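Heads up, the thing below is written out as structure tokens.
Residue numbers (the UniProt record's numbering): 1 to 479.
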């Protein structure tokens, strides 16, 4: 395939990808209410654009107050959203009871690190340009999703050749578990573009290491850390694996590992410094207590949501005994203590739950249940989720074949399979759902495209052999 033909095919795939995304947006997305993390991203983006800083949008827009219910333990009471804040009895450390009324009115500006800031920052640029509505922010997601289609094609070419790149781009254009994210206003739209970009740089470095590529990979790893955990880990881990695989060249590779790690840390430094100087207790990239509490409780260890998460396990919000608001880091520490206490009394069960989290992440455990949970949490239409699930199983099966083909042909494989491996680890430590698997989806698509290329080559070869045998058998002897 010529370069011109590749570019034309890639452009067609990009147009198809945008058409699919924009079509589903018009059909369903433009009227769908925001939910979950999407609310946070949209509102923090507009608050950033308004010069309010990176603050808790719930406290700013709605306010909070004490629950009228009893306290849970001798150290703290709880907050729930309400219009009228009643007086409640708060148990003091000495056992006495104190009646207090506390209100956090709308307009409260509490610094937050609830999610890494990169996606909110990008959306805030849109807001500053005047495109600040929900659907205008959704259009930003559609554009990044379309960019992801093109970059997946470019990375496929870098990995396995131009034909594989074209096939990968067309698969990505119609792949449900990619376009379902793009009108939802979730950060996964940016992840879809970020993963193939990192992979292109990583593969070039893997084939021909240089300090310049190490710097670029370090920058991308740092920016990735402002988006998702596995994006932060990818570059340094790949460099460590290279030291092991290419032991004869371990010194320059170890140097590159140091460069990647140092540059990554330098990119993260402003965010880390901001968090360390803003909150009372240490918060690095983002708080983990809420997620730990939501994934380490009875609802997430037993029953239909095993390996998933339950919002109510991290509610209500803890406050201090004197009725003052704990900052986000202090509330996070308390929630982590809830999770750690639960884990300490359910260690044996965790050995069962952790693998089920990873299996759920890859739809090898209760896939229909996960699709139904996605409906409630992320406003996904069930039929679209089932269509995406069917596509996923086809692509995943082809990806297994592609991985075997890559291994036998000694093609670059580790930079590809490292993404799914990281997702397995993330799932085991947290929970499994379809949206959080997004950083592994491009790898499945690349390997599936390789499998299709190999199958096509074998089919074409068999056709040539058949034609040759037929010609030989019907040839007329010159004698």
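Just so you know, even glycine gets a beta-carbon here, dropped at the ideal spot from N, CA and C. On a predicted model such as this, the values are computed, not experimentally measured, just so you know.
Using alpha carbons as the reference points, say which of 425, 305, 412, 214 lies closest to residue 369. The residue you call residue 369 lines up with position 369 of the chain shown. Of the listed residues, the one whose Cα sits closest to residue 369 is 305.
Secondary structure at residue 283, three-state DSSP: helix, strand or coil? One-based indexing of the chain shown puts residue 283 at position 283. DSSP places residue 283 in coil when its eight states are reduced to three.
Would you kindly work out how many angstroms separate the C-alpha atoms of residue 14 and residue 27, rounded to a whole number? For the purposes of this step, residue 14 is taken as residue 14 along the chain shown, with counting starting at 1. For the purposes of this step, residue 27 is taken as residue 27 along the chain shown, with counting starting at 1. Computed Cα separation, rounded: 20 Å.
Contacting residues, own chain, Cβ-Cβ under 8 Å from residue 23 (five flanking each side not counted): To locate residue 23, count along the chain shown from 1; it is residue 23. If we look at residue 23 and ignore the five residues flanking it on each side, it has no Cβ neighbours.
Thinking just about the alpha-carbon of each residue, which of 158, 41, 60, 139 is nearest to the one in residue 118? Here residue 118 refers to the residue found at position 118 of the chain shown. Nearest of 158, 41, 60, 139 to residue 118, Cα basis: 41.
Alpha carbons only, please: which of 445, 360, 32, 361 is nearest the one belonging to residue 182? Counting from 1 along the chain shown, the entry for residue 182 is found at position 182. Across the set 445, 360, 32, 361, the C-alpha of 32 shows the shortest separation from the C-alpha of residue 182.
Distance, residue 272 Cα to residue 482 Cα: Look at the range of the chain in this structure, 1 to 479, and you will see that residue 482 is not part of it.
Could you check if residue 441 is buried or exposed, using at least 16 other CB atoms within 10 Å of its CB as the buried criterion? To locate residue 441, count along the chain shown from 1; it is residue 441. It is buried - the Cβ of residue 441 has at least 16 other Cβ atoms within 10 Å.
So, is residue 394 buried or exposed, given that buried needs 16 or more other C-beta atoms within 10 angstroms? The residue labelled residue 394 in the question sits at position 394 within the chain shown. In the assembly as shown, residue 394 is an exposed residue. Its beta-carbon has fewer than 16 other beta-carbons within 10 Å.
Taking its Cβ as the centre, do 16 or more other Cβ atoms sit within 10 Å of residue 9, making it buried, or is it exposed? For the purposes of this step, residue 9 is taken as residue 9 along the chain shown, with counting starting at 1. Per the 10 Å Cβ criterion, buried.
Here's the rule: buried if 16 or more other CB atoms are within 10 angstroms of the residue's CB, otherwise exposed. What is residue 133? In the chain shown, the residue the question calls residue 133 occupies position 133. Looking at its Cβ environment, which holds fewer than 16 other Cβ atoms inside 10 Å, residue 133 is exposed.
Of the choices 377, 332, 150, whose alpha-carbon is the least far from that of residue 293? Numbered from 1 along the chain shown, position 293 holds the residue referred to as residue 293. Nearest of 377, 332, 150 to residue 293, Cα basis: 332.
Residue 250: CB within 7 Å of a non-hydrogen atom of the ligand ZN: The ligand ZN is not among the ligands present in this structure, which contains no ligands whatsoever.
When the Cα of residue 402 is compared with those of 156, 215, 186, 218, which residue comes out closest? Taking the chain shown and counting its residues from 1, the one referred to as residue 402 is at position 402. The option with the nearest alpha carbon to residue 402 is 156.
Beta bridge counterpart(s) of residue 55 as assigned by DSSP: For the purposes of this step, residue 55 is identified with residue 55 of the chain shown, where counting begins at 1. In the DSSP output, where bridge partners are listed per residue, residue 55 has 111.
Other residues of its chain near residue 353: CB distance less than 7 Å, five sequence neighbours each side excluded: Position 353 of the chain shown, counted from the first residue, corresponds to residue 353. Result list for residue 353: 301, 306, 307, in chain order.
Report yes or no: do the segment 138–146 and the segment 182–196 share at least 3 C-beta pairs separated by less than 8 Å? yes
From residue 350 to residue 237, what does the alpha carbon distance come to, in whole angstroms? Walking along the chain shown from the start, residue 350 turns up at place 350. Walking along the chain shown from the start, residue 237 turns up at place 237. Distance between the alpha carbons of residue 350 and residue 237: 26 Å.
With three or more C-beta pairs closer than 8 Å as the rule, is the segment 256–273 touching the segment 215–235? yes
Please determine if the segment 410–424 and the segment 443–459 are in contact, where contact requires at least 3 C-beta pairs separated by less than 8 Å. yes
What's the C-alpha gap between residue 213 and residue 202? Within the chain shown, numbered from 1, the residue matching residue 213 stands at position 213. Within the chain shown, numbered from 1, the residue matching residue 202 stands at position 202. Distance between the alpha carbons of residue 213 and residue 202: 8 Å.
Is the segment 448–460 touching the segment 380–387 in the sense that three or more CB pairs, one from each, lie closer than 8 Å? no
Tell me which residues share the same chain as residue 20 and place their Cβ nearer than 8 Å to its Cβ, disregarding the 5 neighbours each side in the sequence. Mapped onto the chain shown, residue 20 falls at position 20. Around residue 20: 173, 174, 179.
Of the residues 152, 198, 310, which one's Cα is nearest the Cα of residue 415? Here residue 415 refers to the residue found at position 415 when the chain shown is read from its first residue. Among 152, 198, 310, the Cα nearest to that of residue 415 belongs to 198.
Report the option in 7, 229, 159 whose CA atom is closest to the CA atom of residue 115. Counting from one through the chain shown, the residue named residue 115 turns up at place 115. The shortest C-alpha separation from residue 115 is found at 229.
Quick one, are the C-beta atoms of residue 358 and residue 427 less than 8 Å apart? Here residue 358 refers to the residue found at position 358 of the chain shown. Here residue 427 refers to the residue found at position 427 of the chain shown. In this structure, residue 427 lies closer than 8 Å to residue 358 by Cβ.
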